[in-house]
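Protein chains in written order, with the working numbering: chain G, 1 to 521; chain B, 522 to 1042.
One structure below.
There are 2 protein chains.
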Amino acid sequence: MGVKEAVGHVGNLLRKPVGIVNGAKNAVVNVMNRQPLHTAGMTKALTSDNMNKHLKEMQYAVRGAVPIAAEVIQKELATGKHNRPYNEIVYCNIGNPHSVGQKPITWFRQVLSLVNCPSMFDNPEVLKAFPKDVVERSLKITGEIGGGTGAYSHSKGVLSFRNSIADFIKARDGHACDPENVYLIGGASAGIEKVLTAIISGPKDAVLIPIPQYPLYSALITILGGQQVGYYLEEEKGWSFNIVTTREVIKKARRDGLNPKAFCVINPGNPTGQLMSQQDLTDIVKLCREENLVLLSDEVYQENVYTETKKFVAMKKVVRDLGPKYDDFELASFHSTSKGLVGECGRRGGFMELVGFAPDVEAEIFKHCCMGLCPNLDGQVLTHLMVSPPLPGDESYELYTQETTGIYDALKRKANMLQEELNSIEGISCRPPEGAMYAFPQIQMPPKALAAAKAQGKAPDMMYCLALLEATGICCVPGSGFFQKEGTHHFRTTFLPEEDKISEALVRLKAFHLSFLAKYA
Amino acid sequence: MGVKEAVGHVGNLLRKPVGIVNGAKNAVVNVMNRQPLHTAGMTKALTSDNMNKHLKEMQYAVRGAVPIAAEVIQKELATGKHNRPYNEIVYCNIGNPHSVGQKPITWFRQVLSLVNCPSMFDNPEVLKAFPKDVVERSLKITGEIGGGTGAYSHSKGVLSFRNSIADFIKARDGHACDPENVYLIGGASAGIEKVLTAIISGPKDAVLIPIPQYPLYSALITILGGQQVGYYLEEEKGWSFNIVTTREVIKKARRDGLNPKAFCVINPGNPTGQLMSQQDLTDIVKLCREENLVLLSDEVYQENVYTETKKFVAMKKVVRDLGPKYDDFELASFHSTSKGLVGECGRRGGFMELVGFAPDVEAEIFKHCCMGLCPNLDGQVLTHLMVSPPLPGDESYELYTQETTGIYDALKRKANMLQEELNSIEGISCRPPEGAMYAFPQIQMPPKALAAAKAQGKAPDMMYCLALLEATGICCVPGSGFFQKEGTHHFRTTFLPEEDKISEALVRLKAFHLSFLAKYA
Chain G
1 MGVKEAVGHV GNLLRKPVGI VNGAKNAVVN VMNRQPLHTA GMTKALTSDN MNKHLKEMQY
61 AVRGAVPIAA EVIQKELATG KHNRPYNEIV YCNIGNPHSV GQKPITWFRQ VLSLVNCPSM
121 FDNPEVLKAF PKDVVERSLK ITGEIGGGTG AYSHSKGVLS FRNSIADFIK ARDGHACDPE
181 NVYLIGGASA GIEKVLTAII SGPKDAVLIP IPQYPLYSAL ITILGGQQVG YYLEEEKGWS
241 FNIVTTREVI KKARRDGLNP KAFCVINPGN PTGQLMSQQD LTDIVKLCRE ENLVLLSDEV
301 YQENVYTETK KFVAMKKVVR DLGPKYDDFE LASFHSTSKG LVGECGRRGG FMELVGFAPD
361 VEAEIFKHCC MGLCPNLDGQ VLTHLMVSPP LPGDESYELY TQETTGIYDA LKRKANMLQE
421 ELNSIEGISC RPPEGAMYAF PQIQMPPKAL AAAKAQGKAP DMMYCLALLE ATGICCVPGS
481 GFFQKEGTHH FRTTFLPEED KISEALVRLK AFHLSFLAKY A
Chain B
522 MGVKEAVGHV GNLLRKPVGI VNGAKNAVVN VMNRQPLHTA GMTKALTSDN MNKHLKEMQY
582 AVRGAVPIAA EVIQKELATG KHNRPYNEIV YCNIGNPHSV GQKPITWFRQ VLSLVNCPSM
642 FDNPEVLKAF PKDVVERSLK ITGEIGGGTG AYSHSKGVLS FRNSIADFIK ARDGHACDPE
702 NVYLIGGASA GIEKVLTAII SGPKDAVLIP IPQYPLYSAL ITILGGQQVG YYLEEEKGWS
762 FNIVTTREVI KKARRDGLNP KAFCVINPGN PTGQLMSQQD LTDIVKLCRE ENLVLLSDEV
822 YQENVYTETK KFVAMKKVVR DLGPKYDDFE LASFHSTSKG LVGECGRRGG FMELVGFAPD
882 VEAEIFKHCC MGLCPNLDGQ VLTHLMVSPP LPGDESYELY TQETTGIYDA LKRKANMLQE
942 ELNSIEGISC RPPEGAMYAF PQIQMPPKAL AAAKAQGKAP DMMYCLALLE ATGICCVPGS
1002 GFFQKEGTHH FRTTFLPEED KISEALVRLK AFHLSFLAKY A
């Protein structure tokens, strides 16, 4: 099966399920399973027609058709027999730093290593290889966990870790944080799922999400059987928030018979990379109170800020700065070990803080956490380490600082380089990424390209991204996967690969884009 | 707040949400959050009345009212100031071996340690501390993962791990296994959730579950908005399967307007500990085909078999032994790193194998896995290690064998001891646990105890377990949390704590039980 067929096939599987369902009489080869199907002419118990329709409707572009096509090409490249003008896929579709060359931070891994293998504490020769603070911290953690990393913890996570997170939040925001409100989670996705599950109760329940948004939100809302209501970020003003149009969107949703219950903010923005001002965040909090909405604040990129002119402000601080009248304001905020300078996506770690929730509602969310038993302990350990890194005077401090600074500086350079180069290309415009790990450039699509996409039954930016992948090996995500203003076309690209790879990729991207313009001139 | 109030309070929160919801005008102290609520007389956006009703209805007894009460007592014990006749809680409520003294298996941890800290490969002094096969295996895994344990993997898990799992399944069952059908999962719970999510599509969709069952099943079915239909295991015949009554249950469900779509088996049984025969399993497969049901087989205790007269048979083998007519039979089976002799609950590792699913349906399940990005890498590494342990000739083989044999022998001794002692107590009868980690004894409740429970508004075995905890510090789970035949009363207890602790606990349990009988005589 060639790439084009695979893309078509997988695209169909993911969007419009193929027709081999009830009543198929012939043996059909299952391309995913490589097994004969329906050998006895049986019908399937579970079919595309009778399965969970919400799951079927759900879309998740970050691992959608373009990355799946990239996998097929990668297998072809691995054979060494190909005529392509590139030898590897440059994966810019997902914020997965370690997969594209970012080295793990030594200190985190040293502690994880000792905590997971307590027998090493008995071997002085081995311990000599670790800085003193690593050994001390590992011993402390081992004592605090009790049953070790192999035991289920409390369903909210290990108490001492929650204490350290509460200290981190307090230091960050200048406001109190109760560790009982802190929940360790298996990545931000898992926490967001828990909160949205509690909120969405029926098909008219609606959740406000930014447009463009990170597809986890639309995916969860769809699976949970709710409705998404988009509020537009204004690209021409640096993807900024507009309270006037947003208020109108909420009112319209109510007029349409929907029941808006929650409001999601992603700050710094994904895929848009903007950093929101305290004024905009304050407006959002006040709007949520006016409209009686629970606020979800996705802050996984809080360490990824590259602009010199603004600072990240946590939503918790915004709420508490508003004074006691907002003490009972319902806010869920999320952080993760996958992003920041840590970049440990595979660890599935993070935390959420729930404040102001009615105690009976919070008890239900906690019960849901209990059903999953606990987040994995390595992820918990890493979350604790992320919020309580080595201090000046610790043996590890210098190396830790050097490594984190190195990662930060490189991200900042790459963000700037990417933006400048993209803006130098005819027909592409890109807002400077103030934060996060992504650029979200707009493509001016020639009318003939729009017609071609229509003829192919593809979103124009999906057609663009598939052609870009095919021609250059660069794997991005079409803007349509994140939603965008009608009539605009974008793609999301990370700036995570190493600098020379981004440079080379940009040369190929520019050439591709010019040929794309020429083809559809 | 004393224990009794806490139990009452938390019990209420978990079952019948308290009434501090809409319109409360006074400041109410939130006992969970220790924060003033409704300070401004505001109503909450999210209340017990408008939240997800399925989540509210969901119950999860394993971490329900009894363990929550145990936590409160533990805090009291920790102060040292108490008049209780015990100094610690004996946690028998959950299969969490490392939390009650089972040591991690050295080999697993050594490999995890090296894989997580690649810089150790550069230090010959450190490497000397590890057996040669540990170093070799760790290097091999590091090469195979590519981006390391800090990167998202493929959403099905690392390919080489899936290959090793396929080899394990093939060797176990004597039938082929395609690694494309193997999915690494974050514990069996996560996999079961994915499959049930695909299956349940509406409020009439029903899933057959054993009674007694593991509460994850009832919890997931409730959250997903489906219906559970119980088929009874026959306690008097060693919790055995009865195809006649089960067939009748399915027919009755259809008559009642339900739409049975799937059938769940737990083998070895949880909480019941029985090991099912190949004949019973074959009957189930044939019944599922007759009734057009997807089969889910929970096999997380496949290594925990203590009877000499029977062997564990995997459902995949049962299906394949039936020949080509069953090649397209839809089976999902689950295994975990949390149980067996590994007992690494905190790692959240495991795998599922999906066979016979329609390709478009399997694509939707895969898409759902993609939404969660990937299971944590440490759990994936451990799953790989579980299915490919050291071999004779490897430096680690002897210690590994010694440790696993030690754990197995102790579990077997404890299972026997527990069963014998429980059966020696008047009014308690217990089927011998052939497998898993639990005994599920039946209590003959005196009529006055039943009346007292009714007066307290508690299930009789909930009243029993709370009193047992209060009097002895032994934390078990009431049978009502697992469902049981009307008019019978049970509790589930693990046999995981160390032998002397189980012995002592049994003495206290016996004394408590006699006083319970005397109280309600």
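Cβ coordinates follow ideal geometry from the N, Cα and C atoms, glycine included.
The model shown is predicted, which means the values in this text are computed figures rather than measured ones.
8 Å Cβ shell around residue i - same chain, five flanking residues per side excluded
{"i": "Lys75 of chain G", "result": "none"}
{"i": "Glu426 of chain G", "result": "His513, Leu514, Leu517"}
{"i": "Thr560 of chain G", "result": "Because chain G is modelled from 1 through 521, residue 560 of chain G falls outside the range shown and cannot be assessed."}
{"i": "His54 of chain G", "result": "Thr222, Ile223, Leu224, Gly225"}
{"i": "Val229 of chain G", "result": "Ala206, Val207, Leu208, Ile209, Val249, Ile250, Ala253, Leu258, Pro260"}
Rounded separation between residue i and residue j - CA only
{"i": "Arg137 of chain G", "j": "Phe168 of chain G", "result": "17 Å"}
{"i": "Ala650 of chain B", "j": "Arg868 of chain B", "result": "24 Å"}
{"i": "Ser739 of chain B", "j": "Phe495 of chain G", "result": "45 Å"}
{"i": "Leu422 of chain G", "j": "Lys485 of chain G", "result": "20 Å"}
{"i": "Leu717 of chain B", "j": "Leu754 of chain B", "result": "22 Å"}
{"i": "Gly41 of chain G", "j": "Glu811 of chain B", "result": "For Gly41 of chain G, the pLDDT reaches just 47, beneath the cut-off of 50, and the residue's location in the model is therefore unreliable, leaving the point undetermined."}
{"i": "Thr568 of chain B", "j": "Leu281 of chain G", "result": "24 Å"}
{"i": "Gly622 of chain B", "j": "Glu757 of chain B", "result": "33 Å"}
{"i": "Ala879 of chain B", "j": "Tyr847 of chain B", "result": "14 Å"}
{"i": "Gly95 of chain G", "j": "Asn614 of chain B", "result": "40 Å"}
{"i": "Asn780 of chain B", "j": "Lys837 of chain B", "result": "25 Å"}
{"i": "Glu665 of chain B", "j": "Val66 of chain G", "result": "24 Å"}
{"i": "His696 of chain B", "j": "Val840 of chain B", "result": "10 Å"}
{"i": "Met386 of chain G", "j": "Gln444 of chain G", "result": "41 Å"}
CB contact check: residue i to chain B, cutoff 8 Å
{"i": "Met371 of chain G", "result": "yes"}
{"i": "Asn270 of chain G", "result": "no"}
{"i": "Lys204 of chain G", "result": "no"}
{"i": "Asp133 of chain G", "result": "no"}
{"i": "Asn123 of chain G", "result": "yes"}
{"i": "Phe357 of chain G", "result": "yes"}
{"i": "Leu159 of chain G", "result": "no"}
Residue i, buried or exposed, once every other Cβ within 10 Å from all chains shown has been counted against 16
{"i": "Lys772 of chain B", "result": "exposed"}
{"i": "Gly186 of chain G", "result": "buried"}
{"i": "Asn702 of chain B", "result": "buried"}
{"i": "Pro700 of chain B", "result": "buried"}
{"i": "His82 of chain G", "result": "exposed"}
Minimum Cβ-Cβ distance from residue i to chain G less than 8 Å
{"i": "Thr663 of chain B", "result": "no"}
{"i": "His619 of chain B", "result": "yes"}
{"i": "Leu705 of chain B", "result": "no"}
{"i": "Gln734 of chain B", "result": "no"}
{"i": "Asn813 of chain B", "result": "yes"}
{"i": "Ala931 of chain B", "result": "no"}
{"i": "Arg868 of chain B", "result": "yes"}
Nonlocal neighbours in the same chain, by C-beta distance under 7 Å from residue i, ignoring five residues either side
{"i": "Ile243 of chain G", "result": "Asp283, Leu287"}
{"i": "Asp133 of chain G", "result": "Pro390, Asp394, Glu395, Ser396"}
{"i": "Gly379 of chain G", "result": "Gly186, Thr337, Arg347, Arg348, Gly349"}
{"i": "Glu578 of chain B", "result": "Thr743"}
{"i": "Lys16 of chain G", "result": "Low confidence applies to Lys16 of chain G: its pLDDT is 31, below 50, so where it sits in the model is not reliable, and the reading given next is rough at best. No residues qualify anywhere along the chain."}
{"i": "Asn897 of chain B", "result": "Gly707, Arg869"}
{"i": "Lys782 of chain B", "result": "Ile720, Asp726, Ala727, Val728, Leu814, Val815"}
Own chain residues within Cβ distance below 6 Å of residue i, not counting five before or after
{"i": "Tyr1041 of chain B", "result": "Pro967, Lys969, Ala970"}
{"i": "Thr767 of chain B", "result": "Tyr752"}
Minimum Cβ-Cβ distance from residue i to chain D less than 8 Å
{"i": "Ser218 of chain G", "result": "The structure shown has no chain D; the protein chains it does contain are G and B."}
Touching by the beta-carbon criterion (3+ pairs, under 8 Å), the segment 658 to 677 of chain B and the segment 631 to 648 of chain B
The count of Cβ pairs closer than 8 Å, one atom from the segment 658 to 677 of chain B and one from the segment 631 to 648 of chain B, reaches three, so the stretches are in contact.
Given 8 Å as the limit, is there contact between the segment 945 to 964 of chain B and the segment 828 to 835 of chain B, that is, 3 or more CB pairs closer than that?
Verdict: yes, contact present.
Three CB pairs or more closer than 8 Å across the segment 365 to 382 of chain G and the segment 68 to 84 of chain G
Counting Cβ pairs under 8 Å, fewer than three are found: no touch.
Is the number of C-beta pairs between the segment 361 to 369 of chain G and the segment 313 to 325 of chain G that are closer than 8 Å three or more?
The segment 361 to 369 of chain G is not in contact with the segment 313 to 325 of chain G.
At a cut of 8 Å, does the segment 816 to 824 of chain B reach the segment 981 to 991 of chain B through at least three beta carbon pairs?
Output reads no: the segment 981 to 991 of chain B does not touch the segment 816 to 824 of chain B.
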